[in-house]
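Peer 1:
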Amino acid sequence: MIRDGVRRFFNLALRRRDQWEREVEDEIRLHLALRAEQFAAQGMSPDAATTEAMRRFGPLSTSRARLLDAARHREHHMQRTEFLADLKQDTSFALRTLGRQKGWTAVTVATLALGIGATTAVFSVVSSLLLHPLPYPHADRMVFVYQEPSTGNSTGISVTITPSAPVVRAWMAGSHDFEALEGYNSSTVMLQTRDQPVKYQAAQIFPTFPRFAGEKPILGRMFTAQDIARRDHLVLLGEQLWRTRYGAQRNVLGTSVTLGDSTYTVIGVLPAALRPPVIGDAPPDFWMPLDVNNNNLGMMLLGRLRPGITSAAATSELDSLVARSGTDAAAGALFRTRLAQPSDRVRFRDSLTMLSGAVLLVLLVACANVAHLLLARTAARHRELSLRAALGARRARLFRQLLTESLLLTTAGAALGVLLGWMGLRTLVAMRPSSLDELRVAHLDTTTLVVAAALTVLSGLFFGIMGAMQSAGNTAQNTVRTGTAISPGRRSERARGALVVTEMALSAMLIVGATMFMRSVSNLQHADLGFQPRGLYAVNLDLSSSRYATAASKAAVITGLTQQLNQLGTLRDITVAGDPPNSMSFSIGRFEVDGETPPPASETSFIEVKSVQPNYFRTMGIHMLRGSAFTDTTAAAGQVIVNEGFARKHWGAQSPLGHRLRIAQSDSEPWLTIVGVAADVASFGPTMENTAPMLYTPFNDMVLRSTSIIVRTGGNAASIARVRGLVRAFDPHLPVTIENVEDGTATSIATPRYVMLTLSLFTALALVLAAIGLYGVMAYAVAQRTHDIGIRIALGAPRRTVARSVILRGAALALLGAAIGLVAAHWGTRLIQHELYGVAKSDPVSFAAAVIVLLGAAAIACVVPTRRALAVDPITAIRAE
Amino acid sequence: MPALPVLKGTLDLLVLRALNWTPMHGFEIVSWLEQAAHGALDVEDSALYQALYRLEERGLLSAEWGVTGNNRKARYYRLTSAGRAYLRAETKSWVRYAETVTAILTAPRNSLPAGDAA
Numbered sequence: 001m002i003r004d005g006v007r008r009f010f011n012l013a014l015r016r017r018d019q020w021e022r023e024v025e026d027e028i029r030l031h032l033a034l035r036a037e038q039f040a041a042q043g044m045s046p047d048a049a050t051t052e053a054m055r056r057f058g059p060l061s062t063s064r065a066r067l068l069d070a071a072r073h074r075e076h077h078m079q080r081t082e083f084l085a086d087l088k089q090d091t092s093f094a095l096r097t098l099g100r101q102k103g104w105t106a107v108t109v110a111t112l113a114l115g116i117g118a119t120t121a122v123f124s125v126v127s128s129l130l131l132h133p134l135p136y137p138h139a140d141r142m143v144f145v146y147q148e149p150s151t152g153n154s155t156g157i158s159v160t161i162t163p164s165a166p167v168v169r170a171w172m173a174g175s176h177d178f179e180a181l182e183g184y185n186s187s188t189v190m191l192q193t194r195d196q197p198v199k200y201q202a203a204q205i206f207p208t209f210p211r212f213a214g215e216k217p218i219l220g221r222m223f224t225a226q227d228i229a230r231r232d233h234l235v236l237l238g239e240q241l242w243r244t245r246y247g248a249q250r251n252v253l254g255t256s257v258t259l260g261d262s263t264y265t266v267i268g269v270l271p272a273a274l275r276p277p278v279i280g281d282a283p284p285d286f287w288m289p290l291d292v293n294n295n296n297l298g299m300m301l302l303g304r305l306r307p308g309i310t311s312a313a314a315t316s317e318l319d320s321l322v323a324r325s326g327t328d329a330a331a332g333a334l335f336r337t338r339l340a341q342p343s344d345r346v347r348f349r350d351s352l353t354m355l356s357g358a359v360l361l362v363l364l365v366a367c368a369n370v371a372h373l374l375l376a377r378t379a380a381r382h383r384e385l386s387l388r389a390a391l392g393a394r395r396a397r398l399f400r401q402l403l404t405e406s407l408l409l410t411t412a413g414a415a416l417g418v419l420l421g422w423m424g425l426r427t428l429v430a431m432r433p434s435s436l437d438e439l440r441v442a443h444l445d446t447t448t449l450v451v452a453a454a455l456t457v458l459s460g461l462f463f464g465i466m467g468a469m470q471s472a473g474n475t476a477q478n479t480v481r482t483g484t485a486i487s488p489g490r491r492s493e494r495a496r497g498a499l500v501v502t503e504m505a506l507s508a509m510l511i512v513g514a515t516m517f518m519r520s521v522s523n524l525q526h527a528d529l530g531f532q533p534r535g536l537y538a539v540n541l542d543l544s545s546s547r548y549a550t551a552a553s554k555a556a557v558i559t560g561l562t563q564q565l566n567q568l569g570t571l572r573d574i575t576v577a578g579d580p581p582n583s584m585s586f587s588i589g590r591f592e593v594d595g596e597t598p599p600p601a602s603e604t605s606f607i608e609v610k611s612v613q614p615n616y617f618r619t620m621g622i623h624m625l626r627g628s629a630f631t632d633t634t635a636a637a638g639q640v641i642v643n644e645g646f647a648r649k650h651w652g653a654q655s656p657l658g659h660r661l662r663i664a665q666s667d668s669e670p671w672l673t674i675v676g677v678a679a680d681v682a683s684f685g686p687t688m689e690n691t692a693p694m695l696y697t698p699f700n701d702m703v704l705r706s707t708s709i710i711v712r713t714g715g716n717a718a719s720i721a722r723v724r725g726l727v728r729a730f731d732p733h734l735p736v737t738i739e740n741v742e743d744g745t746a747t748s749i750a751t752p753r754y755v756m757l758t759l760s761l762f763t764a765l766a767l768v769l770a771a772i773g774l775y776g777v778m779a780y781a782v783a784q785r786t787h788d789i790g791i792r793i794a795l796g797a798p799r800r801t802v803a804r805s806v807i808l809r810g811a812a813l814a815l816l817g818a819a820i821g822l823v824a825a826h827w828g829t830r831l832i833q834h835e836l837y838g839v840a841k842s843d844p845v846s847f848a849a850a851v852i853v854l855l856g857a858a859a860i861a862c863v864v865p866t867r868r869a870l871a872v873d874p875i876t877a878i879r880a881e
Numbered sequence: 001m002p003a004l005p006v007l008k009g010t011l012d013l014l015v016l017r018a019l020n021w022t023p024m025h026g027f028e029i030v031s032w033l034e035q036a037a038h039g040a041l042d043v044e045d046s047a048l049y050q051a052l053y054r055l056e057e058r059g060l061l062s063a064e065w066g067v068t069g070n071n072r073k074a075r076y077y078r079l080t081s082a083g084r085a086y087l088r089a090e091t092k093s094w095v096r097y098a099e100t101v102t103a104i105l106t107a108p109r110n111s112l113p114a115g116d117a118a
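These protein sequences, in sequence, are chains A and B.
So in our numbering, spot 63 of the first sequence is number 63, and the numbers just go up one at a time.
So in our numbering, spot 51 of the second sequence is number 51, and the numbers just go up one at a time.
This is the structure we're talking about:
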């Protein structure tokens, strides 16, 4: 008799229907036979005995049916109990087995969790930047609509122009390819409060914009086309502002706010979820009407294509609409339509794409590790499994047992992975630079989560079960008969070797990529910007208000302020320019250089022009390469300074001094004479191109809407605070913003820094995983050879020789992997080379770093298990078998 | 005296009792019961098998195929530990019940409480 538990364990008792039905029949037949024999023995005739036996049994047809019914009940019930008992037993068995190998279990669960968690977190970040840059419904059909010059732009600057209101009207009236077109402009507004004006962000939108974006006012109403036609001064508050400044009061509706010079009536509140279509912008504080009938306006235009319409089709439709409109014939000839995908506007796209590539690599490393942890374990359990197979455990039963175990393991890993993914994403979001503010709304990418979990879990299940089943099936007899744990075959050893090579290769790629990024960011931080941003502040004056209507009153503000700032005595330098250093203004027209073939009459070129005082270059710390700063700032003198890029483009190594140029709207435009060449300036930071041609013209008493006073402080915060106080005292109603020029240059490297940081964290993780993998393989290989090592040492082989042979195998695998990885990295880094700063494609430092780090990790992974093996007493090692 | 029909529920108990000492197949159980009751109980043979299946389903019995003395394949039933415990408990309560009923039915008149109407 086999005990229940044992029987269940080996799965001997699950029976099929025909089997138990036959058993019931057999039982009845035996009973009738024995009964008849009993009666016959008492002297009945055989016939009479049989009849009597049948009578005593009961009417055969009904009683047989009743018995079969009872037996069926019994079988079903027992199967259920058996199943539950099996499950309970499998689970507790699995828990016990896993618990016995706590280290192994922890490493496997951690590998799964890290693989799933890290991939999900990082890919969620990447996808929210690249795949879903606009948080609107049907974002996949969103395009930005721009115009660009259709004919020659001899300065070579690529310019996109926001379309003018008449053009937008023509498109809105005539387009069939677009479901919707929405204009959007943003600006800063000064909210007049009791003590001083406060700067806020405002957006101008069409009445339909909230619906287009899938939102609606949370309080009050949206303005209508009629409101706009009546030129009513209406405004909606952003939810954030409403909550912080107005205490989320409902009675804010109907109140007035003074923005700049005008008074507006608050008619509603728009939710914080209504995001601006400008990547990286925070939601505006004020939402105001954008009047498409105001011909003076240009606007950023966002469109939603009808399903199935290509960008090309839509572009040509818009082009032909402009041509036919006749409203602005010149615009039709000068500009053509250009559509841009929202993700085109994400900077460092390729770096982000590479980051998602890295995600995939880490996921693969994790999968390989799981595979390999399970393979090693299977091999270690070879005898147990073989023994059970030999004792008659059916394959299905073993399968269930292994399934339970693998499921427990992978479920734990996946659950922990989801948790890690969530925490990782929160961390990455918290670390976001201001240039990637849209990450604030990033959410866990469920597709990635599912894919990552499925991949790791499936690889866990596959290698956990298939390997073991094969192992149990193949050599059940051999193992048990000979009593030796035969190594589970060259094939699985090769498989594990291949996994190590793969992991090493993947890690090598990651290390090369991460090192290149780190070096690039370090270069960026120490890059020569062509000027000295430290301690430089721009005091930007908004002179558009009616208080400074005349040129004289504007000039009075500028001279008055600069004088007082000069008297402050704490500033090293003060200068005045038309724009702050990190902004651009362009002149548009035919660009002519004296002595070169004049461009065709239809040409429109764009060239950046900064109007600056002569001491601008000294204040900014810009080197004059040739000539000098302006000696005569009058318009009549016509002096101009060009940047290095400009000089090189037109005159190469020759001196451009004395040459003449002009940007002509007409032939009467006066010529300007070059008096100096200034070094190229990367005022937007080192990641932006800085050799584009640009001109400096003298800042004189032109009527300007805005002006920037640029001051260089000694670098301490107190002196800029004093500047702030002085400006406020000078005129409390003057809208002023003071910006740190250095911040502007730092912002531009914030994104690559972030990518670098994430990538480095990630690489470290991959490396740890790969090292664990290598360690596992080496530890296993050494454990397998303990017997062998024991014999060799017992026979007198020097321990050093033995150690060398073990370590060499590990080193060979690591080297092979590293070599493959470096070749792949060499190919792969081409893709991101253009986004790296000052790092060569085959940067020897990065490649060397990969080799050193990998070999170091490999050495640790090999040496520890080898030392352990050598420490074993030879006799014990031999007896262990 | 004609044989008595078996009271509902008592057949299970009798079957368990039959298996108290040794595993038996169906016919052995029937024969044992007939001998033990000296022919006083009337059990339809098929009802016995139904009882066996029911008890097996409840986990009070377990069954294995074995070979009889005459070299015939038969299904042998044995008490499980749950079955043994059940038998012990049920026997106790059955005996108490039977004693009580017997005592009432056989007691002399004056030893019983008087009814209201009397």
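Each residue gets a CB set at the ideal place from its N, CA and C atoms; glycine is no exception.
Is there a Cβ of chain A sitting closer than 7 Å to that of G39 of chain B, yes or no?
Peer 2: So no, G39 of chain B is outside the interface.
Peer 1: Within 10 angstroms of its Cβ, does T829 of chain A collect 16 or more other Cβ (buried), or is it exposed?
Peer 2: Looking at its Cβ environment, which holds 16 or more other Cβ atoms inside 10 Å, T829 of chain A is buried.
Peer 1: Taking the alpha-carbon positions, what's the M354 of chain A to L219 of chain A distance?
Peer 2: Whole-angstrom Cα-Cα distance: 43 Å.
Peer 1: Any residues in the stretch 63-74 of chain A with a beta carbon nearer than 7 Å to a beta carbon of chain B? Which ones, in chain order?
Peer 2: Of all residues in the stretch 63-74 of chain A, S63, R66, L67, A70, A71, H73, R74 have a Cβ within less than 7 Å of some Cβ in chain B.
Peer 1: Restricting to Cα atoms, I'd like to know which of A:L237, A:F223, A:G238 is closest to R231 of chain A.
Peer 2: The option with the nearest alpha carbon to R231 of chain A is A:F223.
Peer 1: Would G298 of chain A pass as a contact of T162 of chain A if the rule is Cβ separation under 7 Å?
Peer 2: Taking 7 Å as the Cβ cut-off, G298 of chain A and T162 of chain A qualify as a contacting pair.
Peer 1: Which ranges does the beta strand (DSSP E) cover as unbroken runs of at least 3 residues, wholly within the stretch 167-218 of chain A, from first to last along the chain?
Peer 2: Complete beta strand (DSSP E) runs here, min 3: 178-191, 198-205.
Peer 1: Within 10 angstroms of the Cβ of H31 of chain A, are there 16 or more other Cβ atoms? Answer buried if so, exposed if not.
Peer 2: The residue in question, H31 of chain A, is buried, as its Cβ has 16 or more Cβ neighbours within 10 Å.
Peer 1: Are there 16 or more other CB atoms within 10 angstroms of the CB of G652 of chain A, so buried, or fewer, so exposed?
Peer 2: Label assigned to G652 of chain A: exposed.
Peer 1: If you measure from the beta carbon of Y77 of chain B to each beta carbon in chain A, is any gap under 7 Å?
Peer 2: Not one chain A Cβ lies under 7 Å of Y77 of chain B.
Peer 1: Does DSSP put K102 of chain A in a helix, in a strand, or in coil?
Peer 2: Here K102 of chain A sits in helix by DSSP.
Peer 1: May I ask you to verify whether the stretch 761-781 of chain A touches the stretch 363-381 of chain A, counting CB pairs closer than 8 Å and requiring at least 3?
Peer 2: With a cut-off of 8 Å, the stretch 363-381 of chain A and the stretch 761-781 of chain A count as touching, because enough Cβ pairs lie within range.
Peer 1: Rounding to the nearest angstrom, what Cα-Cα distance links Y97 of chain B and T91 of chain A in this structure?
Peer 2: Their Cα atoms are separated by approximately 45 Å.
Peer 1: I'd like to know whether the C-beta of G417 of chain A is nearer than 7 Å to at least one C-beta of chain B.
Peer 2: No, G417 of chain A does not count as interfacial toward chain B.
Peer 1: Can you tell me which of the three DSSP states L529 of chain A falls into?
Peer 2: L529 of chain A falls in the coil class under three-state DSSP.
Peer 1: If A577 of chain A and K554 of chain A are in contact, beta carbons under 8 Å, what's the gap, nearest whole angstrom?
Peer 2: At roughly 14 Å, the Cβ-Cβ gap does not stay under 8 Å, so A577 of chain A and K554 of chain A are not in contact.
Peer 1: Using only the heavy atoms of the ligand PLP, determine whether one of them is closer than 6 Å to the beta carbon of F591 of chain A.
Peer 2: Only the bare structure without any ligand can be found here, which leaves the ligand PLP out of the picture.
Peer 1: How far does the beta strand (DSSP E) with P598 of chain A in it extend, from its first residue to its last?
Peer 2: No beta strand (DSSP E) contains P598 of chain A, which DSSP labels as neither H nor E.
Peer 1: Our contact map puts I852 of chain A next to V107 of chain A with C-beta atoms below 8 Å; I'd like the distance itself, whole angstroms only.
Peer 2: That pair is no contact at about 25 Å.
Peer 1: Using DSSP's beta-bridge definition, name the partner residues of D573 of chain A.
Peer 2: DSSP output for D573 of chain A lists A:R712 as bridge partner(s).
Peer 1: With a 10 Å radius around its C-beta and 16 neighbouring C-beta atoms as the bar for buried, classify Q477 of chain A as buried or exposed.
Peer 2: Confidence at Q477 of chain A is low in this model, with a pLDDT of 46, below 50, so its placement is unreliable and no value can be given for it.
Peer 1: Do V365 of chain A and S846 of chain A have their C-beta atoms within less than 7 Å of each other?
Peer 2: Going by C-beta atoms, V365 of chain A is not nearer than 7 Å to S846 of chain A.
Peer 1: Comparing the C-beta of T479 of chain A with each C-beta of chain B, is any distance below 7 Å?
Peer 2: Confidence at T479 of chain A is low in this model, with a pLDDT of 44, below 50, so the placement of that residue should be treated as unreliable; the coordinate-derived value is given next. No, no contact with chain B.
Peer 1: With C-beta atoms as the reference, is G627 of chain A less than 7 Å away from V593 of chain A?
Peer 2: No, the Cβ-Cβ distance between G627 of chain A and V593 of chain A is not below 7 Å.
Peer 1: I need the straight-line Cα distance from T484 of chain A to A389 of chain A, nearest angstrom please.
Peer 2: The pLDDT assigned to T484 of chain A is 43, lower than 50, so where the model puts this residue is not dependable; a value taken from the coordinates is nonetheless given after this. So the alpha carbons of these two residues sit roughly 16 Å apart.
Peer 1: Assign R88 of chain B to buried or exposed, taking buried as 16 or more other Cβ atoms, counted over all protein chains shown, within 10 Å of its Cβ.
Peer 2: Counting Cβ neighbours within 10 Å, R88 of chain B comes out exposed, since fewer than 16 surround it.
Peer 1: Who are the near neighbours of D42 of chain B in its chain, counting only those whose CB is closer than 6 Å to its CB and skipping five residues on each side?
Peer 2: Here the set comprises A3, P5.
Peer 1: At the level of alpha carbons, what is the spacing between L13 of chain B and A85 of chain B?
Peer 2: Cα-Cα distance, rounded: 12 Å.
Peer 1: Could you tell me if V122 of chain A is buried or exposed, where buried requires 16 or more neighbouring beta carbons within 10 angstroms of its beta carbon?
Peer 2: Per the 10 Å Cβ criterion, buried.
Peer 1: Could you pull out every residue in the same chain whose Cβ sits closer than 8 Å to the Cβ of V168 of chain A, ignoring the five residues on either side in sequence?
Peer 2: L181, G183, V292, M299, L301, listed in sequence order.
Peer 1: Any Cβ of chain A within less than 7 Å of the Cβ of Y49 of chain B?
Peer 2: Yes - at least one Cβ of chain A is within 7 Å of the one on Y49 of chain B.
Peer 1: Where do the ends of the alpha helix (DSSP H) carrying Y53 of chain B lie?
Peer 2: Residues 45-57.
Peer 1: Restricting to Cα atoms, I'd like to know which of A:D680, A:S683, A:H659, A:A664 is closest to T673 of chain A.
Peer 2: The residue with the shortest Cα to Cα distance from T673 of chain A is A:H659.
Peer 1: Which of the three DSSP states is assigned to K841 of chain A in this structure?
Peer 2: K841 of chain A falls in the coil class under three-state DSSP.
Peer 1: Let me confirm a value: N916 of chain A is counted as buried when at least 16 other C-beta atoms fall within 10 Å, else exposed. Which label applies?
Peer 2: The structure shown does not extend to residue 916 of chain A, since chain A is modelled only from 1 to 881, so the question has no answer here.
Peer 1: For S520 of chain A, which residues in the same chain have their Cβ closer than 6 Å to its Cβ, ignoring the five residues on either side in sequence?
Peer 2: Closer than 6 Å at the Cβ level, and outside the excluded window around S520 of chain A, lie L836, Y837, V839.
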